[in-house]
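Q:
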Amino acid sequence: MNAHVPTDSLVEVTLERDGVAVLTMRDAAGKNAFSRAFAAALTRALEDLGRRADVRACVIAGLPEVFSAGGDRDVLLGLADGTIAPYDLLLTRALLEVPVPTIAAMAGPAVGGGLVFGLACDMVVMARESRYGLNFMDLGFTPGMGATRLVQFAFGEYVGAEMLLGGQYFRGEQLAGRGQINAVVPRAEVLPRALDIAARIADKPRAALLLLKRALALPRRRAFEEARTVESMMHEVCFADPETVARIRTNYGPGQGG
Numbered sequence: 000m001n002a003h004v005p006t007d008s009l010v011e012v013t014l015e016r017d018g019v020a021v022l023t024m025r026d027a028a029g030k031n032a033f034s035r036a037f038a039a040a041l042t043r044a045l046e047d048l049g050r051r052a053d054v055r056a057c058v059i060a061g062l063p064e065v066f067s068a069g070g071d072r073d074v075l076l077g078l079a080d081g082t083i084a085p086y087d088l089l090l091t092r093a094l095l096e097v098p099v100p101t102i103a104a105m106a107g108p109a110v111g112g113g114l115v116f117g118l119a120c121d122m123v124v125m126a127r128e129s130r131y132g133l134n135f136m137d138l139g140f141t142p143g144m145g146a147t148r149l150v151q152f153a154f155g156e157y158v159g160a161e162m163l164l165g166g167q168y169f170r171g172e173q174l175a176g177r178g179q180i181n182a183v184v185p186r187a188e189v190l191p192r193a194l195d196i197a198a199r200i201a202d203k204p205r206a207a208l209l210l211l212k213r214a215l216a217l218p219r220r221r222a223f224e225e226a227r228t229v230e231s232m233m234h235e236v237c238f239a240d241p242e243t244v245a246r247i248r249t250n251y252g253p254g255q256g257g
């Protein structure tokens with residue numbers, strides 16, 4: 000089964016197998032950075048998936064060359080000048096609230112909020128060759144989107160601290176065995192591995208899956224809400240600093256994200 004479900008030009012949803020949906024982020028021009036338009040399209044697609052009775056598992060994928068470049072420059076400057084409130088960026092929550100199990104197929108690199116978005120899935124498959132990092136502090140501001148807790152869930156406190164404080168990037172092969180990631184495989188095998196995991200899950204009764212998914216995701220959902228409270232406070236302080244705005248304007252280049 001391979002049925003295309005019309006959504007938005009920036010996001011594509013395909014029913015690959017019985018009960019398995021694949022949501023693919025396709026903003027090639029923006030490198031899947033979370034602009035307002037892209038974030039809105041992605042949120043709508045996630046909400047629509049949550050209402051589909053024929054879906055029992057969902058794979059979240061990006062482009063082969065990039066999973067997501069994180070927050071885009073206009074959004075970050077909007078946060079800095081106060082035209083966008085920190086709580087307006089709730090993509091992580093939208094993904095956490097998808098009622099069926101989700102699997103991130105992170106074949107391409109993921110940066111900043113793009114990496115955090117993938118880590119909000121219930122399961123994660125990464126590529127050995129791709130780089131993953133959190134460059135919030137390099138751009139001059141504290142992490143957001145629940146990063147301060149979700150990164151620790153995925154990689155542990157110490158590796159998480161290195162990524163968050165120092166902006167350290169790791170190739171997938173360096174992260175293998177260092178955290179809670181389900182699989183780190185060659186890039187070409189990322190999507191097939193995620194689909195295999197999803198197919199095994201989709202074989203189970205949907206009602207039972209929804210109950211177990213909610214129970215298993217509860218610790219991460221609580222951690223996310225706690226993180227968002229703290230991160231919002233840090234953002235209010237950080238984005239009030241002129242140095243933060245100047246640093247975003249000068250250091251935010253193509254391919255970077257927060």
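Just so it is clear: in the sequence shown, position 156 is 155 by numbering that gives the first Met the number 0, and no numbers are missing. For every residue, glycine included, the Cβ atom is placed at its ideal position computed from N, Cα and C.
1. Where does G155 sit, in a helix, a strand or coil, going by DSSP?
2. Just tell me which of L164, C120, I200 and Y131 has its CA closest to the CA of G139.
3. By alpha-carbon positions, which one of R219, V244, F238 and D73 ends up nearest to R92?
4. Give the secondary structure of P100 by DSSP, where H, G and I count as helix, E and B as strand, and everything else as coil.
5. Could you work out which residue in G29, F33, G77 and L95 is closest to G49 when comparing CA atoms only?
6. DSSP state of T6, grouped into three classes?
7. What residue range does the alpha helix (DSSP H) around A52 cover?
8. For G258, which three-state DSSP category applies?
9. Pick helix, strand or coil for S34, following the three-state DSSP scheme.
10. So is Q151 buried or exposed if we call it buried at 16+ other beta carbons inside 10 Å?
11. Under 9 angstroms between the Cβ atoms of R25 and A104?
12. Along the chain, where does the alpha helix (DSSP H) that runs through R227 open and close?
13. For the alpha helix (DSSP H) holding G132, just list the boundary residues, first then last.
14. Work out the CA separation of L118 and V54 for me, nearest whole Å.
15. A146 by DSSP, collapsed to three states: which one?
16. L94 by DSSP, collapsed to three states: which one?
17. Just how far apart, CA to CA, sit L174 and F154?
A: The relevant details are as follows:
1. helix
2. L164
3. R219
4. coil
5. L95
6. For T6, the predicted model reports a pLDDT of 49, less than 50, meaning its position is unreliable; a value from the coordinates is still stated below. Correct three-state label for T6: strand.
7. That residue, A52, is in no alpha helix (DSSP H); it is neither H nor E in DSSP.
8. The structure shown does not extend to residue 258, since the chain is modelled only from 0 through 257, so no value can be given for it.
9. coil
10. buried
11. no
12. R205 to C237
13. It is not in any alpha helix (DSSP H) - G132 instead sits in the beta strand (DSSP E) that spans R130 to G132.
14. 21 angstroms
15. helix
16. helix
17. 8 angstroms
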